[in-house]
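2 protein chains.
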Amino acid sequence: MPDNQSRPVASAVPLPPVFETLVVVGPGLIGSSVLRRAREFGGLARRVIAVDVSPEVRARVSELGIADEVMADAAEAVAQADCVMLCVPVGAMGPVAAQVLPAMRPGAILTEVGSTKVSVIEAITPYLRPDVPYVPAHPMAGTEFSGPDAGFATLFEKRWCLLTPLDNTPVEAVDAIRTLWERCGARLREMTPAHHDRVCAIVSHLPHLLAFTICGTADDLADETRSEVLDFAASGFRDFTRIAASDPIMWRDIFLLNRDALLEMLARFMEDAQAMARAIRWGDEAYIVDRIERGRKIRKSLIENEQA
Amino acid sequence: MPDNQSRPVASAVPLPPVFETLVVVGPGLIGSSVLRRAREFGGLARRVIAVDVSPEVRARVSELGIADEVMADAAEAVAQADCVMLCVPVGAMGPVAAQVLPAMRPGAILTEVGSTKVSVIEAITPYLRPDVPYVPAHPMAGTEFSGPDAGFATLFEKRWCLLTPLDNTPVEAVDAIRTLWERCGARLREMTPAHHDRVCAIVSHLPHLLAFTICGTADDLADETRSEVLDFAASGFRDFTRIAASDPIMWRDIFLLNRDALLEMLARFMEDAQAMARAIRWGDEAYIVDRIERGRKIRKSLIENEQA
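Residue numbers (UniProt numbering), protein chains in the order written: chain Z, 1 to 308; chain E, 1 to 308.
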């Protein structure tokens, strides 16, 4: 193979693939990155099929050459698979599961990559079959870009993938999905769906909500000040806008589908922000310094934790 | 000069310096960067004197060799200067002005670099002399580090420096300070002190307040979740922590001294966040998408504006 030398060492020792035929429904940022990983690094599946309802997305995936087959009919595709991975927005997981589950082979594994877990599991549960193991997963990776062009084979490297298996999920199915994500370069952790949703509410969903909100607050200012926000954004505002560039439909769904955990974290945050406002109004220096010190402490822990 | 080739082209054509003797009171991140700029690029002052109350800071500045003289007595130092630049925390501007102004030469210029302008001007005004022009300035540059070791000569390049002259500030004094900052590589803009404070409240002070607050909210969570916040911070939370690493005393002072503008912006933000919470609770998809779209629009404008 002429391009062998430029490939990572991992592919020099071919691993037997985890699956025979992997179907990725929704080859967007995450789905197309899984397809690319399978193609470029091996070890995931002998054959990968991409399914999408959009003719434009299908045409683009064909052009990119990242799947062995590109299909419009999910039922037809999943009938060939021993693993089906749903990579659609969290709001679409239920309807798509309703469509694919009846067509799946007995023993084939269903998995998905939704950013919320309690609501996605609730949406999928009515359609589950006893002979199709279901392994909910959440690869915590992404960029502010979306669509099949945005993916890349190393997206998941050193990123976390959280598994939230159900009480009755067979351990072999969990192990297969764990191996698949390990071969994508991810670090794995297991937790309950409810705990997952609380953790993601504070580390991801609340920061995004605050980022969208402050952009809106700035956008509502009088014209002169608004244009200056753009000029002078480097002073802190800019840091909040990178994550505010993310896909609106995806985030609408996440906010609505992790509602309870997100509203709880937002309520805690609002109490803390009100307390800070009160300390500023009344000149409570000790309170202000204490809160700032905590921020610095967390930053320091992140640096020590090699997450910064 | 053996190291001439590694220097920027600008220093090849020596400019007559703006000042004879520049005194920098408080050689921290900003002050030491001005000293380094004067030393490495020329054109600012023939002679630079650093003043600090801390023996440790004075010793360090002497070691670094970034000032012609390092002094403890501000009055003694400023008596030699035709420009005195106060680079102390905004809360210290008044007391330091009270100390230096009586000792300044007639016609010498007083300037400062405070991040809030209305309150700093109020604090300095009682000590002003009719024969000492005062030019308030705010170089919008910084890192999360502080102290004389944190500075560097190119800190101000392509960054904004806002001038907020008073009605009676002589235009020659404003021009001299403008030229000084231009020679530091900064872009200049003039505005009123009150407008400055509103703009900085939204682009800098509110983002910092939110960043400190969310770190505190995370820190208050149960131990297990808190440790996971650190593990999974890459999902958005991390972006908020960089600015939360800034100096606590500096930020305490900024929050207290830009209280009115900051509380107004925070109140607007809280209303917007409450509206978002309500939309999430009641499933108002159109509202949520509209707010997210605005965030994306602002991000896009920043990229077009080359500020991202």
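Note that the Cβ used here is the ideal one computed from N, Cα and C, for glycine as well.
Let me know the beta strand (DSSP E) ranges lying completely inside the segment 153-220 of chain Z, each 3 residues or longer, listed in chain order.
160-163 and 187-190
For a cutoff of 8 Å on Cβ pairs, would you count leucine 35 of chain E as touching chain Z?
Residue 35 of chain E sits at position 35 when you count from the first residue of the second sequence. Leucine 35 of chain E does not count as touching chain Z.
Coarse secondary structure for phenylalanine 19 of chain Z, derived from DSSP in three states
One-based indexing of the first sequence puts residue 19 of chain Z at position 19. Looking at phenylalanine 19 of chain Z - three-state DSSP - the assignment turns out to be strand.
Taking beta-carbon pairs under 9 Å, can you tell me which members of the segment 208-222 of chain E lie near chain Z?
His208, Leu209, Leu210, Ala211, Phe212, Thr213, Ile214, Cys215, Gly216, Thr217, Ala218, Asp219, Asp220 and Leu221
Do leucine 22 of chain E and valine 48 of chain E count as a contact pair if the criterion is CB distance below 8 Å?
Translated into the one-based positions of the second sequence, residue 48 of chain E becomes position 48. Translated into the one-based positions of the second sequence, residue 22 of chain E becomes position 22. Against a cut-off of 8 Å, the Cβ pair of leucine 22 of chain E and valine 48 of chain E comes out as a contact.
Beta-carbon neighbours of tryptophan 181 of chain Z, restricted to chain E and to distances below 8 Å:
Here residue 181 of chain Z corresponds to residue number 181 of the first sequence, with the count starting at 1. Simply none; closest approach about 15 Å.
How is the beta strand (DSSP E) around valine 84 of chain E delimited, first residue to last?
The residue you call residue 84 of chain E lines up with position 84 of the second sequence. Its beta strand (DSSP E) spans residues 83-86.
Does any residue of chain E have a CB that is nearer than 8 Å to the CB of glutamate 293 of chain Z?
Numbered from 1 along the first sequence, position 293 holds the residue referred to as residue 293 of chain Z. Yes, its Cβ sits closer than 8 Å to a Cβ of chain E.
Listed by chain order, chain Z residues near methionine 276 of chain E by CB distance under 7 Å:
On the second sequence, residue 276 of chain E is found 276 positions in, with the first residue counted as 1. Going along chain Z in sequence order, the residues near methionine 276 of chain E (Cβ under 7 Å) are Leu209 and Thr213.
Rounded to the nearest angstrom, what separates glutamate 172 of chain E and threonine 217 of chain Z at their Cα positions?
The residue labelled residue 172 of chain E in the question sits at position 172 within the second sequence. The residue labelled residue 217 of chain Z in the question sits at position 217 within the first sequence. Spanning the two alpha carbons is a distance of roughly 38 Å.
Taking only beta-carbon positions, decide if methionine 140 of chain E is within less than 8 Å of chain Z.
The residue you call residue 140 of chain E lines up with position 140 of the second sequence. Chain Z contact via Cβ: present.
Compare the beta carbon distance of phenylalanine 145 of chain Z and histidine 205 of chain Z with 8 Å and say whether it is the shorter of the two.
By 1-based counting over the first sequence, the position of residue 145 of chain Z is 145. By 1-based counting over the first sequence, the position of residue 205 of chain Z is 205. No, Cβ-Cβ distance for phenylalanine 145 of chain Z and histidine 205 of chain Z is not below 8 Å.
Buried or exposed (CB count within 10 angstroms, at least 16 for buried), aspartate 131 of chain E:
Here residue 131 of chain E is taken as the residue at index 131 of the second sequence, counted from 1. Exposed.
Same chain, Cβ closer than 8 Å to alanine 277 of chain Z, five either side skipped, listed in chain order:
Stepping through the first sequence from its first residue, residue 277 of chain Z is reached at position 277. So no residue of the chain qualifies.
Cα-Cα separation between arginine 159 of chain Z and arginine 37 of chain Z, rounded to whole angstroms
Numbered from 1 along the first sequence, position 159 holds the residue referred to as residue 159 of chain Z. Numbered from 1 along the first sequence, position 37 holds the residue referred to as residue 37 of chain Z. Answer to the nearest angstrom: the Cα atoms are 14 Å apart.
Residues near valine 100 of chain E in its chain [Cβ-Cβ closer than 7 Å; skip 5 each side]:
If you number the second sequence from 1, residue 100 of chain E lands on position 100. If we look at valine 100 of chain E and ignore the five residues flanking it on each side, its Cβ neighbours are Val25, Ala74, Ala75, Val78 and Val84.
Would you identify the three-state DSSP class for isoleucine 66 of chain Z, choosing helix, strand or coil?
Reading the first sequence from its first residue, position 66 is the one you call residue 66 of chain Z. Three-state DSSP puts isoleucine 66 of chain Z in coil, outside helix and strand.
Please report the Cβ distance between proline 17 of chain Z and leucine 44 of chain Z, rounded to the nearest whole angstrom; I am assuming they are in contact, meaning their Cβ atoms lie under 8 Å.
What you label residue 17 of chain Z is simply residue 17 of the first sequence in a count that begins at 1. What you label residue 44 of chain Z is simply residue 44 of the first sequence in a count that begins at 1. Contact flag correct, Cβ pair sits at about 6 Å.
Going by DSSP, what residues sit across from threonine 116 of chain E in a beta bridge?
Residue mapping note: residue 116 of chain E aligns to position 116 of the second sequence, counting from 1. DSSP, once it has assigned bridges, lists no residue as partnering threonine 116 of chain E.
Report, in whole angstroms, the separation of the C-beta atoms of proline 136 of chain Z and proline 193 of chain Z, which I expect to be a contact under 8 Å.
Counted from its first residue, the first sequence places residue 136 of chain Z at position 136. Counted from its first residue, the first sequence places residue 193 of chain Z at position 193. At roughly 7 Å, the Cβ-Cβ gap stays under 8 Å, so proline 136 of chain Z and proline 193 of chain Z are in contact.
Would you say isoleucine 254 of chain Z reaches chain E, if we count a Cβ-Cβ gap shorter than 8 Å as a contact?
Position 254 of the first sequence, counting from 1, holds the residue named residue 254 of chain Z. It does not; no Cβ of chain E falls within 8 Å.
According to DSSP, what are the bridge partners of isoleucine 49 of chain Z?
Here residue 49 of chain Z is taken as the residue at index 49 of the first sequence, counted from 1. Per DSSP, Z:Val23 and Z:Glu69.
For a contact meaning CB atoms closer than 8 Å, what does glycine 185 of chain Z contact in chain C?
The structure shown contains no chain C; the protein chains it does contain are Z and E.
Close-in-space but distant-in-sequence residues of the same chain around methionine 140 of chain Z (CB under 6 Å, 5 per side omitted):
Working through the first sequence from its first residue, we reach residue 140 of chain Z at position 140. Excluding sequence neighbours, methionine 140 of chain Z sits near Arg159 and Trp160.
Let me know the secondary structure DSSP gives threonine 225 of chain Z once reduced to three states.
Translated into the one-based positions of the first sequence, residue 225 of chain Z becomes position 225. If DSSP states are grouped into helix, strand and coil, threonine 225 of chain Z belongs with the helices.
Between which two residues does the alpha helix (DSSP H) holding tyrosine 287 of chain Z run?
If you number the first sequence from 1, residue 287 of chain Z lands on position 287. Its alpha helix (DSSP H) spans residues 285-304.
When you check each C-beta in the segment 20-33 of chain E against every C-beta of chain Z, which residues fall closer than 9 Å?
none
Which term fits glycine 28 of chain E, buried or exposed, when burial requires 16 or more other beta carbons within 10 angstroms of its beta carbon?
Position 28 of the second sequence, counting from 1, holds the residue named residue 28 of chain E. Classification of glycine 28 of chain E: buried, given that the 10 Å Cβ count is 16 or more.
Decide if the segment 284-302 of chain E is in contact with the segment 237-248 of chain Z; the criterion is three or more beta carbon pairs, one per stretch, under 8 Å apart.
yes
Anyone know if the C-beta pair for cysteine 200 of chain Z and serine 115 of chain Z falls short of 8 Å?
One-based indexing of the first sequence puts residue 200 of chain Z at position 200. One-based indexing of the first sequence puts residue 115 of chain Z at position 115. It is a contact, given that the beta carbons lie within the stated cut-off.
For alanine 108 of chain E, which of helix, strand or coil comes out of DSSP?
On the second sequence, position 108 is the one that residue 108 of chain E refers to. Coil, per DSSP.
Tell me, to the nearest whole angstrom, how far the beta carbon of leucine 188 of chain Z is from that of leucine 166 of chain Z; I am working on the premise that it is less than 8 Å.
Residue 188 of chain Z sits at position 188 when you count from the first residue of the first sequence. Residue 166 of chain Z sits at position 166 when you count from the first residue of the first sequence. Incorrect: roughly 17 Å between the Cβ atoms, too far for contact.
Which residues, in chain order, does the segment 228-239 of chain E contribute to contact with chain Z at a C-beta distance below 9 Å?
Glu228, Val229, Leu230, Asp231, Phe232, Ala233, Ala234, Ser235, Gly236, Phe237, Arg238 and Asp239
Using C-beta distances below 7 Å, list every residue in its chain close to valine 57 of chain E, excluding the 5 sequence neighbours before and after it, in chain order.
Within the second sequence, the letter at position 57 stands for residue 57 of chain E. Result list for valine 57 of chain E: Pro27 and Pro148, in chain order.
Tell me tyrosine 134 of chain E's beta-bridge partners as DSSP assigns them.
The count along the second sequence starts at 1 and reaches residue 134 of chain E at position 134. BP columns for tyrosine 134 of chain E point to E:Leu110.
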